[in-house]
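Take the sequence shown: its letters are residues 619 to 1102, numbered as in my numbering.
Accompanying notes for the structure given below.
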Amino acid sequence: MTKIAVAKGDGIGPEIMDAVLSVFKAAKVPLEYETVDMGKWVFDKGYSNGMTPEAQQTIENLGILFKGPMETPKGKGVKSVNVTARKTWNTYANKRTFQTLHGVDTVFSKAGIPIDITIVRENIEDTYGGIEHMLTNDVALCRRFITRPGSMQVIKYAFEMAKKKGAKKITCGHKANIMKLTDGLFLEVFYEVAKDYPEITANDIIVDDLCMKLVSRPDLFDVVVLTNLQGDIVSDLCAGLVGGLGFAPSANIGDHISIFEAVHGTAPDIAGKNIANPTALLLSGFGMLRHLGLMETSAMIENALLFTLESGKHTGDFGAKGTESLNTTEFVEAIIQNFGQLPAHNPKPILANKDITPTVFKLEKNPMLESADHNGEFIVGVDVFLESNEQPNMVAEKCLKHTLDLFKLVTISNRGTQVWPKGSVFTNLVNQYRCRFESVGDVALTQVDIVELYKRLTQDFKVCSTEILNMWGDKKAYSLAQGQ
Ligand code: NAI
619 MTKIAVAKGD GIGPEIMDAV LSVFKAAKVP LEYETVDMGK WVFDKGYSNG
669 MTPEAQQTIE NLGILFKGPM ETPKGKGVKS VNVTARKTWN TYANKRTFQT
719 LHGVDTVFSK AGIPIDITIV RENIEDTYGG IEHMLTNDVA LCRRFITRPG
769 SMQVIKYAFE MAKKKGAKKI TCGHKANIMK LTDGLFLEVF YEVAKDYPEI
819 TANDIIVDDL CMKLVSRPDL FDVVVLTNLQ GDIVSDLCAG LVGGLGFAPS
869 ANIGDHISIF EAVHGTAPDI AGKNIANPTA LLLSGFGMLR HLGLMETSAM
919 IENALLFTLE SGKHTGDFGA KGTESLNTTE FVEAIIQNFG QLPAHNPKPI
969 LANKDITPTV FKLEKNPMLE SADHNGEFIV GVDVFLESNE QPNMVAEKCL
1019 KHTLDLFKLV TISNRGTQVW PKGSVFTNLV NQYRCRFESV GDVALTQVDI
1069 VELYKRLTQD FKVCSTEILN MWGDKKAYSL AQGQ
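Next comes the structure, spelled out in structure tokens:
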């Protein structure tokens, strides 16, 4: 029998996990469970990443973690155990499925507009690296990483999943019109991967337009793939379309380890009262059962859940106000009573189980994601970020003293908007400038030339940070300043 790791979590976590496992037990789901120690109380015991070393070992040995929501202690400088788990084990794809559930009233269900959207969100990169610095007392900077191999992993997963699901269309949500290099790279990889899936229509949409269309015509979308932060926001928007967080399941998929959990948190306001809605965790459990090849059992329980919802049974957070709500235990008992029933709307086809035995693996070293080399790279300049309370002309004058024969000062910008050599007095300034130095005559520079410039600039300024300007052949590997 396959063994999986289970972490019950904090707040309502233990209540909803016990409820879901009782449904699995009644359905004779052929799984064994090993409970692991993760969550707030593990932080409180002094484990700074929110899990014991034994828990980490067990999860790495078993490859599947079914988890309840976990609280991140506030004000102790610790990182969320949920995010740590996703990043440590490289669960690079976050998949969330949002479907119309009959019995859960929404504006769309009332209007007869069906929803069946799967959001695949990149789960590791983007601003979620949490690499942030105060450059000056007034200016904070967050680094946003989008990588070719990281984008490739999640986009390939999205296309494979879309193919298995029989999806006709896959859409890439992005903001490449503004972030031409980061979102541009994600979009480029999307269309590169799309070439291998001619049977699926691939298109893209700017994320703001996507949000507008999702709330007006959600039936236009099938599978949508996005970068991390945009995917985070869009997937909660989709949760709202189908009735809220109580109905939003999530799977964090990696090559070796996958984590299944509900989207919602620990709901401290209702914890310990046995009134939480276990549906989102149950739906996440179906994703896990299917991932493990247990198609038949998963469909049987899902049909019982759909039948139960259709019959008007509900917990306190949804459903008709006129009918009495069930508590968590009563709600899952109703589902168990309905085993074998088929819902009137969208019954799940009972597919045969697949023989998917999770591979037991041992990694000796961190896997390195390979990518194509960029040819003909050379340095043509540097962006130097300086602290200054002076006007742009004065900053330029001081910079020009230090350019030597090698560099020319090309542009100065403030918050990304050019303020020198041309600019507008109406542009508000903060105490941090980006000064772009390029090589005279476009000759290749060395890193030592850059260090020399840096040293000279420190005579007049506090240098906050630098970024080297590279050319790849005739292609600029950096963006132009607004107005440059
Ligand atoms: P939350 O999702 O816990 O609660 C938001 C609202 O939704 C509350 O009114 C709550 O009662 C309700 N709610 C949530 N799940 C419900 C359910 N199953 N049944 C009925 N009502 C439900 O979000 P909040 O309050 O922002 O976060 C609370 C804690 O959860 C925080 O410590 C946060 O860090 C953590 N969290 C953990 C997550 C995870 O483990 N993946 C995800 C999100 C938050």
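Note that the Cβ used here is the ideal one computed from N, Cα and C, for glycine as well.
These numbers were taken from a predicted model, which means no experiment stands behind them.
Item	Value
Take the Cβ of M752 as the centre, count every other Cβ of all protein chains shown within 10 Å, and call the residue buried at 16 or more, exposed below.	exposed
For E948, which of helix, strand or coil comes out of DSSP?	helix
With hydrogens ignored, establish whether the beta-carbon of N895 is closer than 8 angstroms to any heavy atom of ligand 1.	yes
Cα separation between S834 and V725?	11 angstroms
What's the gap between the Cα of Y809 and the Cα of K1094?	21 angstroms
Please report the residue range of the beta strand (DSSP E) in which H932 lies.	Run containing H932: none; DSSP gives neither H nor E here.
If I'm right that V654 touches T620 with Cβ under 8 angstroms, what's the distance once you round it to whole angstroms?	The Cβ separation is near 16 angstroms, so there is no contact.
Please state whether the Cβ-Cβ distance between D840 and A776 is less than 9 angstroms.	no
If you measure between the beta carbons of T946 and A637, is that distance less than 9 angstroms?	yes
So, using beta-carbon positions, are I824 and N795 closer together than 9 angstroms?	yes
Verify whether the separation of the beta carbon atoms of G561 and V696 is less than 9 angstroms.	It is not possible to answer for residue 561, since the shown part of the chain is limited to 619 through 1102.
Among the candidates K966, G930, N921, D822, whose CA atom is the shortest distance from the CA of N956?	N921
Report yes if the C-beta distance between T718 and N895 is below 9 angstroms; otherwise report no.	no
With a CB to CB cut of under 8 angstroms and the five nearest residues on each side skipped, what residues in its chain are close to E672?	V654, D655
Quick one: residues in its chain with C-beta nearer than 6 angstroms to the C-beta of A820, no 5 flanking neighbours on either side, listed in chain order?	I788, A812
Drop a sphere of 10 angstroms on the beta-carbon of K939, count the other beta-carbons inside from all chains shown, and report buried for 16 or more, exposed for fewer.	exposed
Applying the criterion that 16 or more other CB atoms from any shown protein chain within 10 Å of the CB defines a buried residue, is C1082 buried or exposed?	buried
Might you give, ordered along the chain, the residues of its own chain that have their beta carbon closer than 7 angstroms to the beta carbon of L799, omitting 5 neighbours on each side?	S1097
Let me make sure I understand the geometry here. Which of V1069, K1073, L863, G872 has the alpha-carbon closest to that of A587?	For residue 587 there is no data in the structure shown, the boundaries of the chain being 619 and 1102.
Cα separation between E750 and A917?	45 angstroms
Pull up the DSSP beta-bridge partners for L649, would you.	T620
Can you tell me which residues form a DSSP beta bridge with G791?	I823
Would you report the Cα separation of S640 and G911, rounded to the nearest angstrom?	20 angstroms
Could you check how far apart the C-beta atoms of S876 and T709 are, in whole angstroms? I think they sit under 8 angstroms.	6 angstroms
Just checking my contact of S1057 with G999 at CB under 8 angstroms: how many whole Å lie between their CB atoms?	6 angstroms
Could you have a look at L1018 and say whether DSSP puts it in helix, strand or coil?	helix
Tell me whether V1048 sits in a helix, a strand or coil according to DSSP, three-state version.	coil
Going by the CB atoms, is the gap between P836 and I733 shorter than 9 angstroms?	yes
Taking 8 angstroms as the cut-off, is the CB of L863 close to at least one heavy atom of ligand 1?	yes
How far does the alpha helix (DSSP H) with Q848 in it reach, from first residue to last?	846–859
With 16 other CB atoms within 10 Å as the buried threshold, where does S1006 fall?	buried
Cβ of K697 versus every heavy atom of ligand 1: is any distance shorter than 8 angstroms?	no
Give the straight-line distance between the Cα atoms of D1078 and L847, rounded to the nearest whole angstrom.	38 angstroms
Taking Cβ positions, are L924 and H720 nearer each other than 9 angstroms?	yes
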